[in-house]
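So the protein lines, in turn, are chains A and B. Quick note: the first sequence uses this note's numbering, first residue 759, plus one each step. Quick note: the second sequence uses this note's numbering, first residue 759, plus one each step. Just so you know, even glycine gets a beta-carbon here, dropped at the ideal spot from N, CA and C.
Protein chains: 2
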Amino acid sequence: MRTSYAVGIDVGGTRIAAGLVERKGRTIKEAKVLTPKGGPFAVVDAIIELVDQVSAGVHPSEIAGIGVGLPAQIDFMRQSVEFCTNLPLAGVDVRALIMSRVRQQATIDNDGNLAAFGEFRYGAAKGMRDFLMITLGTGVGGGMFLAGEPYRGARGLRGEVGHMVIQMDGPPCPCGGRGHIESYLGRPAIAAMGRELAKSFKGRAVLEQAGGDIDTITAEDVIKAALLGDEPATSLLMDSGVVLGRALCGLVNLLNPQMIVVGGGIGEACGFMVERAAQVIAEESLAGRRDVRVVQAELGNDAGLLGAAALAFDEHDSREGLAR
Amino acid sequence: MRTSYAVGIDVGGTRIAAGLVERKGRTIKEAKVLTPKGGPFAVVDAIIELVDQVSAGVHPSEIAGIGVGLPAQIDFMRQSVEFCTNLPLAGVDVRALIMSRVRQQATIDNDGNLAAFGEFRYGAAKGMRDFLMITLGTGVGGGMFLAGEPYRGARGLRGEVGHMVIQMDGPPCPCGGRGHIESYLGRPAIAAMGRELAKSFKGRAVLEQAGGDIDTITAEDVIKAALLGDEPATSLLMDSGVVLGRALCGLVNLLNPQMIVVGGGIGEACGFMVERAAQVIAEESLAGRRDVRVVQAELGNDAGLLGAAALAFDEHDSREGLAR
């Protein structure tokens, strides 16, 4: 049976968003809560409550299933959470816990993967066969579609775009590694550069955005100052654009994608940084690959939620033997 | 018709090798020449002569075709040479030139890709679905198999493993980029480090390998000194192993392969460097991915030639509608 709706859930480090999504990608009902801090069951409780909220009044048979994006390394084949930095979900059978309490099929996947899936099905990467998505947020994540399919790797752990080494002697990465893309382009890295800048007179506009308190400067303060025309803040983010471009050059050389979609809070707020990265790619990647399109994501914060719903639709359809 | 043989050709910067190869991967006749320096036609002439030599006495109908590996970026779908650093073949229709003079179908591909294909069909990576091959030679190349198929990218340009950025402010790369894997692990980079070492007393064993002439020190001299037990040369190559490991960590995090095959002249000569890299991967890559097997290539210099023959068999079989 061809169902009309899917529930997409996007679990982040700070909030959980849920939506009841139509097949064409329109979200007809949405709900959000702050991510509870009380352990895995509290997170699952919050998910269940959101599912109930957004699916209230819809007959269960009309719902294809629940897709859940987690900020974690997922073994997709086993549907297990292997590794989770920001939430206590490693080893927790999130899928089974959800399915024991809601009469719906649930499928879990990595949030970056689902953001890519969302852009692929409903956003900037519609119709692409080979594309990369990189999401610049608190962490740097992403996903890859190769030959029209999400790439999941040998164990389903898929592409951790944020944890490529781009500077062997670079700053430490929250994951324990060193000199990863995330060490340069995650929110904490940009905030730290902003605080450094604010120690001198050049950083006064950034400091002002933070209400004069240097310790509270965030990545968003740097971006706001730049968007208001502050030269030092702009220059800082342009340098980040060069770093992003260099990192992406390596990926262009390795994967020869048709398109790179830059998303996440930082990527979306900061078009000129993305443009700078695109310039670097056009100048420094290997000949023959420079026609790769570098674009900003189109779905904003909803990409993960919509991708989760798209996953739920696809899983339903393949269970039922329906073609896409 | 199920043919018995294919001709594999491996065109390198210094020599061209050809072989008549049976379906099971045994090379029954081989020939080599130095790569002629006189322009594209001289290279094609040399290829034709080699094809004639190795296929003499075999009826043309018994030969599936000719596979040719070139040290170039190839648009595989168009069968065109897009970019070639060491030989004047860019824009030359090598395939058509060969086919105009030999009554056989010919197919061209990148040499790194074909080395991976060789290891996949006949060597260390038999039965793998997701693996990477990295070849450390004068250049650093490689290939990827993802989900059991060679990965070719959007335009067929495929994975240039050697041109990932691993140090944004690193030394220049022959391709024009900066801080690429090749800038650290290609033969010229290792030779340069060997010459640097030989400026001090610590480098006397390396200097001895080069007959006392510091300017003629090669990567092989460094490796020979290390294999004879020289501590400074060993330490230099161990450091290169750490670089290799860090570079591969990024690829493990990105692609989650089952296996990494390290080949090329440097990779094959230097097992302890490969082991050091494997240690770094086991320590520094993301959890859940550390079970990747890191092995040396099995086919040595023949990988490219055997991969070229395997390609010719596959192309023949798909033309004839035969299953593999």
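Assigned with DSSP and collapsed to three states, F959/A falls in helix.
Against chain A, the CB of R1048/B has no partner CB under 8 Å away; the residue lies outside that interface.
Look at H817/A: its C-beta is not under 8 Å from any C-beta on chain B. For the stretch 1059-1074 of chain B, the set of residues with a beta-carbon nearer than 8 Å to any beta-carbon of chain A is empty.
Bounds of any alpha helix (DSSP H) do not take in F834/A, whose DSSP letter is neither H nor E.
Taking 4 residues as the minimum length, the alpha helix (DSSP H) runs contained wholly in the stretch 864-921 of chain A are 869-880, in order along the chain. Under the 8 Å Cβ criterion, the stretch 1018-1031 of chain A does not count as touching the stretch 941-948 of chain B, having fewer than three qualifying pairs. The stretch 1050-1063 of chain B and the stretch 769-778 of chain B touch, with three or more beta-carbon pairs separated by less than 8 Å. L845/B sits in coil when the DSSP states are folded into three classes, being neither helix nor strand. Of all residues in the stretch 834-864 of chain A, only E840 and F841 place a beta-carbon less than 8 Å from a beta-carbon of chain B. Chain-order list of chain B residues neighbouring V919/A: L1012, by C-beta distance under 7 Å.
Contacts between A1005/A and chain B, judged by CB atoms closer than 9 Å, involve V923 and M926 in chain order. Distance from the CA atom of P829/B to the CA atom of M902/A, rounded to whole angstroms, is 27 Å. With fewer than 16 other Cβ atoms from the protein chains shown falling within 10 Å of its own Cβ, L792/B counts as exposed. Taking the beta carbon of Y763/B as reference, no residue of chain A falls within 7 Å; the closest one sits roughly 31 Å away. With respect to chain A, the C-beta atom of G906/B has no partner C-beta closer than 8 Å.
By the Cβ-count criterion, E877/B is buried, with 16 or more other Cβ atoms from all chains shown falling within 10 Å of its own Cβ.
Close to V1001/B, with beta-carbon spacing below 9 Å, are these residues of chain A in chain order: M926.
In the structure shown, the three-state DSSP call for K982/A is helix. According to the DSSP secondary-structure assignment, K787/B is paired through a beta bridge with L778/B. In summary, the residues of the stretch 1026-1058 of chain B whose CB is separated from some CB of chain A by less than 7 Å are E1042, L1044, A1045, G1046 and R1047, in the order they occur in the chain. Listed along chain B, the residues sitting closer than 8 Å to C933/A by beta-carbon distance are L1044. A764/A has V779/A as its beta-bridge partners, per DSSP. Here the alpha carbon of I806/B sits roughly 57 Å from the alpha carbon of A1067/A.
DSSP places Q811/B inside the alpha helix (DSSP H), whose first and last residues are P798 to S813. The contact set of Q967/B on chain A, defined by CB atoms closer than 8 Å, is empty, because the minimum CB distance reaches about 28 Å.
For M835/B, the number of other beta carbons within 10 angstroms of its own is below 16, and it is reported as exposed. Contacts with chain B (Cβ-Cβ distance below 8 Å) from the stretch 883-894 of chain A involve R887 and D888, listed in chain order. Taken residue by residue, none of the stretch 796-812 of chain A has a beta-carbon sitting less than 9 Å from a beta-carbon on chain B.
About 6 Å separates the CB atoms of G900/B and T893/B; that is less than 8 Å, so the two are in contact. Burial state of F875/A is buried, judged by a 10 Å Cβ sphere holding 16 or more other Cβ atoms. Residue T974/B holds the alpha-carbon nearest to the alpha-carbon of A956/B among T974/B, E940/B and F1030/B. Rounded to whole angstroms, the separation of the alpha carbons of V1050/A and A1040/A is 8 Å.
Think of a sphere of 9 Å around the beta carbon of G897/A: no beta carbon from chain B falls inside it, the nearest being about 12 Å out. Counted as a single uninterrupted DSSP element, the beta strand (DSSP E) harbouring L828/B occupies residues I821 to L828. Taking CB atoms only, G825/A has no neighbour in chain B less than 8 Å away.
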